[in-house]
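**Student:** Quick one: the structure is below, and I'll ask about it shortly.
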Ligand SMILES: Cc1ncc(COP(=O)(O)O)c(C=O)c1O
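Right, dumping it as structure tokens:
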């Protein structure tokens with residue numbers, strides 16, 4: 047193990063996971079797509095399988111954010127996100143578990159105002175986890191409101207940490223650099239090496255962390271293939287590169303990262319963040335109906351749609367070992383009920 051990776055264990059971190067998340071083979075989808083004849087194997091890493099707060103990728107970043115918060119004597123976490131933010135929900139859950147007060151400043155990023163979107167899914171859970179929630183009018187600056195609220199709280203003696211959208215900072219990204227090491231250890235157990243690791247790219251921390259972790263282990267960062275669900279491919283690529291470089295600095299690793307190492311596909315974003323696509327709906331239904339695997343409508347569903355497209359069109363090459371990271375977000379399905387209403391109406 048490279049020396050730089052010992053930083054994972056020396057930085058303050060709160061344990062929010064239950065150990066390594068499982069890697070499973072998607073044999074029924076392999077059959078459906080006829081992948082055996084092309085010697086392609088399809089696996090999923092279940093980053094939705096974490097017992098705290100419904101689980102999901104944000105817990106890996108929160109391990110470092112909340113570790114830092116505890117070490118710095120913070121008592122209140124203020125975070126921002128869209129109305130149906132999974133990061134906000136998991137911040138509220140982790141804060142509840144570890145005794146921080148939590149305030150969420152939520153913005154209307156998606157043009158939906160039906161009852162499910164407004165009240166169900168993550169919004170319902172934020173409330174159950176005991177977070178104080180403020181929903182801003184469309185167009186308001188969530189980060190500015192969060193900073194202003196933090197100042198108010200500090201003025202009355204509270205010690206406040208403000209977390210950005212998606213918890214995506216170089217420190218948060220270390221959670222996914224650590225995940226790259228976890229995957230490498232699981233590869234040893236499975237006796238294989240993944241040629242392609244597939245993720246959604248929203249605020250870029252997941253992708254950046256994996257890239258930094260791979261680079262620190264002298265593995266190709268271009269193993270990670272991301273599908274953007276928020277920004278344009280160009281801007282997601284730039285943001286990911288910058289964050290991965292900063293994460294590598296935190297690791298004290300010398301690896302050089304080039305823009306070509308950051309693979310972001312913009313073809314499955316559709317009409318924008320949180321706007322369903324036909325490909326996403328088909329992908330969510332396929333994963334659920336063939337594998338009993340729940341994906342979400344905003345992130346993992348669009349990334350899986352991209353992967354299915356690339357498998358069907360020969361972009362994934364014969365003989366590849368593919369790992370899809372199921373990043374969680376399942377409560378979002380309840381917010382998008384109308385888009386999936388089939389036989390049950
Ligand atoms: C379920 C889920 N998957 C993927 C992502 C994308 O991760 P990142 O923001 O680190 O790019 C997010 C958050 O934005 C998420 O909530």
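Numbering (our numbering), first residue to last: 47 to 391.
Every residue, glycine too, gets a C-beta built ideally from N, C-alpha and C.
The model shown is predicted, which means the values in this text are computed figures rather than measured ones.
1) Taking only heavy atoms of ligand 1 into account, decide whether any of them is closer than 8 Å to the Cβ of residue 215.
2) List the whole-angstrom C-beta distance separating residue 270 from residue 344, where the pair is believed to meet the contact cut-off of C-beta under 8 Å.
3) Would you give the residue range spanned by the beta strand (DSSP E) that residue 128 belongs to?
4) Out of curiosity, what's the CA-to-CA distance linking residue 232 and residue 371?
5) Would you say residue 166 and residue 331 are within 9 Å of each other, going by their C-beta atoms?
6) Select from 59, 135, 236, 385 the residue whose C-alpha is nearest the C-alpha of residue 125.
7) Name the two residues that bound the continuous alpha helix (DSSP H) containing residue 87.
8) Three or more C-beta pairs closer than 8 Å, one from the segment 339-355 and one from the segment 220-229: is that the case here?
9) Could you pull the start and end residues of the beta strand (DSSP E) that residue 305 belongs to?
10) Could you tell me which residues DSSP pairs with residue 311 in its beta bridges?
11) When the distance is taken between beta carbons, is residue 130 closer than 9 Å to residue 156?
12) With DSSP collapsed to three states, give me the class of residue 462.
13) Exposed or buried, what is residue 75 when buried is set at 16 or more other beta-carbons lying within 10 Å of its beta-carbon?
14) Under DSSP, the beta strand (DSSP E) around residue 71 begins and ends at which residues?
15) Enumerated in chain order, which unbroken segments of the beta strand (DSSP E) with a length of 3 residues or greater are wholly contained in the segment 222-260?
16) Under three-state DSSP, which class holds residue 299?
17) Can you tell me the Cα-Cα spacing of residue 224 and residue 256, whole angstroms?
18) If you follow the alpha helix (DSSP H) that residue 83 is part of, which residue opens it and which one closes it?
19) Measure the alpha-carbon distance for residue 391 versus residue 379 and round it to whole angstroms.
20) Indicate, with yes or no, if ligand 1 has a heavy atom lying under 8 Å from the CB of residue 169.
21) Verify the contact flag: residue 244, CB atom, against every heavy atom of ligand 1, threshold strictly below 8 Å.
22) By how many angstroms is the C-alpha of residue 68 removed from the C-alpha of residue 60?
23) State whether the segment 163-177 contacts the segment 195-202, with contact taken as three or more CB pairs (one from each stretch) at a distance under 8 Å.
24) Does the Cβ-Cβ distance between residue 277 and residue 247 come in under 9 Å?
**Tutor:** Checking against the coordinates, here is how it stands:
1) Translated into the one-based positions of the chain shown, residue 215 becomes position 169. Checking the Cβ of residue 215 against ligand 1 gives no.
2) Taking the first residue of the chain shown as position 1, residue 270 is located at position 224. Taking the first residue of the chain shown as position 1, residue 344 is located at position 298. Contact flag wrong, Cβ pair sits at about 20 Å.
3) Within the chain shown, numbered from 1, the residue matching residue 128 stands at position 82. Note, residue 128: beta strand (DSSP E), 122-128.
4) If you number the chain shown from 1, residue 232 lands on position 186. If you number the chain shown from 1, residue 371 lands on position 325. If you take the alpha carbons of residue 232 and residue 371, they lie about 14 Å apart.
5) On the chain shown, residue 166 is found 120 positions in, with the first residue counted as 1. On the chain shown, residue 331 is found 285 positions in, with the first residue counted as 1. No, Cβ-Cβ distance for residue 166 and residue 331 is not below 9 Å.
6) For the purposes of this step, residue 125 is identified with residue 79 of the chain shown, where counting begins at 1. Of the listed residues, the one whose Cα sits closest to residue 125 is 135.
7) One-based indexing of the chain shown puts residue 87 at position 41. For residue 87, there is no enclosing alpha helix (DSSP H); the residue is found in the beta strand (DSSP E) stretching over 87-92.
8) Output reads no: the segment 220-229 does not touch the segment 339-355.
9) Residue 305 sits at position 259 when you count from the first residue of the chain shown. Element bounds for residue 305: n/a, residue is neither H nor E.
10) The count along the chain shown starts at 1 and reaches residue 311 at position 265. The secondary-structure analysis by DSSP pairs residue 311 across a beta bridge with 273.
11) Taking the chain shown and counting its residues from 1, one reaches residue 156 at position 110. Taking the chain shown and counting its residues from 1, one reaches residue 130 at position 84. Result yes, Cβ atoms of residue 156 and residue 130 sit closer than 9 Å.
12) The structure shown has nothing for residue 462, since the chain only spans 47 to 391.
13) Numbered from its first residue, the chain shown carries residue 75 at position 29. Classification of residue 75: buried, given that the 10 Å Cβ count is 16 or more.
14) Numbered from 1 along the chain shown, position 25 holds the residue referred to as residue 71. Secondary structure note for residue 71: its beta strand (DSSP E) is the uninterrupted segment 69-71.
15) 242-247
16) For the purposes of this step, residue 299 is identified with residue 253 of the chain shown, where counting begins at 1. Coil, per DSSP.
17) The residue labelled residue 224 in the question sits at position 178 within the chain shown. The residue labelled residue 256 in the question sits at position 210 within the chain shown. Approximately 8 Å, taken between the alpha carbons.
18) By one-based count along the chain shown, residue 83 stands at place 37. No alpha helix (DSSP H) holds residue 83; DSSP gives it neither H nor E.
19) Looking up residue 391 in the chain shown gives position 345. Looking up residue 379 in the chain shown gives position 333. Residue placement at residue 391 cannot be trusted, given a pLDDT of 44 that sits under 50; what the coordinates show is reported in the next sentence. Rounded to the nearest angstrom, the two C-alpha atoms are 15 Å apart.
20) For the purposes of this step, residue 169 is identified with residue 123 of the chain shown, where counting begins at 1. Not a single heavy atom of ligand 1 lies less than 8 Å from the C-beta of residue 169.
21) On the chain shown, residue 244 is found 198 positions in, with the first residue counted as 1. Checking the Cβ of residue 244 against ligand 1 gives no.
22) Residue mapping note: residue 60 aligns to position 14 of the chain shown, counting from 1. Residue mapping note: residue 68 aligns to position 22 of the chain shown, counting from 1. Their Cα atoms are separated by approximately 20 Å.
23) no
24) The sequence position of residue 277 within the chain shown is 231, counting from 1. The sequence position of residue 247 within the chain shown is 201, counting from 1. Yes, Cβ-Cβ distance for residue 277 and residue 247 is below 9 Å.
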